[in-house]
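Here's the structure, in structure tokens; my notes come after.
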């Protein structure tokens, strides 16, 4: 496992730095940085500030992912999952939460709202062609491998 140095800046004094909660955790917990609690009604979505900015090295990205406990217990997840923090972005990053649950959910300053993973990025070189190579799947799209297609 390779460690990657990522610079982080508190944009607000009370912002909490992300951290790994267990020895082998893939993601660091991200905390809300709020002046006052807010209520997320069922179906609502909101951008939650973190009070933080990152300098991710070239060749890497920050992936902002949901916390499974929030999703299971309260139906709260991320609208764009995973969200991407590009290596050249230096502004405050936020977390877009949505409440898919049936009850209103309160979010307070310091609540753990998402997780941050730092991951390598592979950039592609696109090569335009007149025909693509053939495969067994061909153009089979959504649901093309349904139960009727399973070998028995």
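Residue numbers (my numbering): 116 to 267.
Note that beta-carbon positions come from the ideal geometry of N, C-alpha and C, so glycine has one too.
### Message
My parser needs the alpha helix (DSSP H) runs of 4 or more residues fully inside the region 174-215; what are they?
### Response
Scanning the region 174-215 from its first residue to its last, the whole alpha helix (DSSP H) runs of 4-plus residues come out as 183-189.
#### Entry: Alpha carbon of residue 212 to alpha carbon of residue 245, nearest angstrom
By one-based count along the chain shown, residue 212 stands at place 97. By one-based count along the chain shown, residue 245 stands at place 130. About 42 Å.
### Query
Nearest CA to the CA of residue 276: which residue from 194, 162, 147, 123?
Beyond the ends of the chain as shown, which are 116 and 267, falls residue 276; an answer cannot be given.
### Task
Measure the CB-CB distance between residue 126 and residue 177 and report whether it falls below 7 Å.
Taking the first residue of the chain shown as position 1, residue 126 is located at position 11. Taking the first residue of the chain shown as position 1, residue 177 is located at position 62. The answer is no: Cβ separation not under 7 Å.
### Query
Which residues in the same chain have their Cβ closer than 8 Å to the Cβ of residue 132, if we skip the five residues on either side of it in sequence?
By 1-based counting over the chain shown, the position of residue 132 is 17. Excluding residues up to 5 positions away in sequence, 123, 125, 167 lie with their Cβ nearer than 8 Å to the Cβ of residue 132 in the same chain.
### Query
Roughly how many whole angstroms lie between the Cα atoms of residue 118 and residue 194?
Against the chain shown, residue 118 aligns to sequence position 3. Against the chain shown, residue 194 aligns to sequence position 79. Taking C-alpha positions only, residue 118 is separated from residue 194 by approximately 29 Å.
### Message
Is the beta carbon of residue 154 closer than 7 Å to that of residue 196?
### Response
Residue 196 sits at position 81 when you count from the first residue of the chain shown. Residue 154 sits at position 39 when you count from the first residue of the chain shown. Taking C-beta atoms as the reference points, residue 196 and residue 154 fail to come closer than 7 Å.
### Task
State the Cα-Cα distance for the pair residue 150 and residue 214, rounded to the nearest angstrom.
Numbered from 1 along the chain shown, position 35 holds the residue referred to as residue 150. Numbered from 1 along the chain shown, position 99 holds the residue referred to as residue 214. Distance between the alpha carbons of residue 150 and residue 214: 20 Å.
### Task
Using three-state DSSP, classify residue 220 as helix, strand or coil.
Taking the first residue of the chain shown as 1, we reach residue 220 at position 105. In the structure shown, residue 220 sits in a strand (DSSP, three-state: E or B).
#### Entry: Rounded C-alpha distance that separates residue 187 from residue 238
As a first step, residue 187 is located in the chain shown; it is residue number 72 there, counting from the start. As a first step, residue 238 is located in the chain shown; it is residue number 123 there, counting from the start. Those two C-alpha atoms are separated by around 34 Å.
### Query
How close, in whole Å, do the beta carbons of residue 145 and residue 247 come, if the pair is a contact with beta carbons under 8 Å?
On the chain shown, position 30 is the one that residue 145 refers to. On the chain shown, position 132 is the one that residue 247 refers to. Not quite, the Cβ-Cβ distance comes to about 40 Å (not below 8 Å), so this is no contact.
### Message
Taking the straight line between their C-alpha atoms, what separation do you get for residue 95 and residue 173?
### Response
Absent from the model: residue 95. The displayed extent of the chain is 116 to 267, so no value can be given.
### Query
Quick one: what's got a C-beta closer than 7 Å to residue 233's C-beta in the same chain, skipping five residues either side?
By 1-based counting over the chain shown, the position of residue 233 is 118. The residues are 119, 121, 171, 175, 177.
#### Entry: Delimiting residues of the beta strand (DSSP E) encompassing residue 146
Numbered from its first residue, the chain shown carries residue 146 at position 31. Where residue 146 is concerned, the enclosing beta strand (DSSP E) starts and stops at 143-146.
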